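J.: Structure provided below as structure tokens; questions to follow.
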Amino acid sequence: MEKKKITIEVEPATAVATVGLLRGIFPSIIEQLERQAATNGSPLKFNKVENMQEVLDEIYEKCIAETNLREFAQAHLNSDGLPN
Numbered sequence: 001m002e003k004k005k006i007t008i009e010v011e012p013a014t015a016v017a018t019v020g021l022l023r024g025i026f027p028s029i030i031e032q033l034e035r036q037a038a039t040n041g042s043p044l045k046f047n048k049v050e051n052m053q054e055v056l057d058e059i060y061e062k063c064i065a066e067t068n069l070r071e072f073a074q075a076h077l078n079s080d081g082l083p084n
């Protein structure tokens, strides 16, 4: 399938948090849906899961690039009160 440029307007820090959480639980969601479908006697297999994960990763990286969250987190980790 052909890629197309899609433009949306979001608050970058909120998008990072939202997509970051989704990236973390996405594999579990897919596994659970497939397991539930198999239990119900209607096997379901998602195709292109890696492609979907790549989409989440790309959105996350584009949004985080518009914030200073990485710099903020690194500065926080490097502060005297926290271990490195």
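Numbering (full-length UniProt numbering), first residue to last: 1 to 84.
Just so it is clear, CB atoms sit at the ideal spot from N, CA and C, and this is done for glycine as well.
As the structure is a computational prediction, the values presented were derived from the model and not from experiment.
Assess, as a yes-or-no matter, whether the segment 54-65 is touched by the segment 12-26 under the definition of 3 or more beta carbon pairs within less than 8 angstroms.
T.: The segment 12-26 is in contact with the segment 54-65.
J.: Whose C-beta lies closer than 8 angstroms to the C-beta of Ile8 among residues of the same chain, with five residues either side of it excluded?
T.: Position 8 of the sequence shown, counted from the first residue, corresponds to residue 8. Here the set comprises nothing.
J.: Return the chain-ordered list of same chain residues with a C-beta closer than 7 angstroms to the C-beta of Val19, the five sequence neighbours on each side being excluded.
T.: In the sequence shown, the residue the question calls residue 19 occupies position 19. Within the same chain, Val19 has close Cβ partners Leu56, Ile59, Tyr60, Cys63.
J.: Determine the direct distance from the alpha carbon of Glu66 to that of Phe72, and round the result to whole angstroms.
T.: Residue 72 sits at position 72 when you count from the first residue of the sequence shown. Residue 66 sits at position 66 when you count from the first residue of the sequence shown. One C-alpha to the other measures close to 13 angstroms.
J.: Would DSSP call Pro12 helix, strand or coil?
T.: Numbered from 1 along the sequence shown, position 12 holds the residue referred to as residue 12. Helix, per DSSP.
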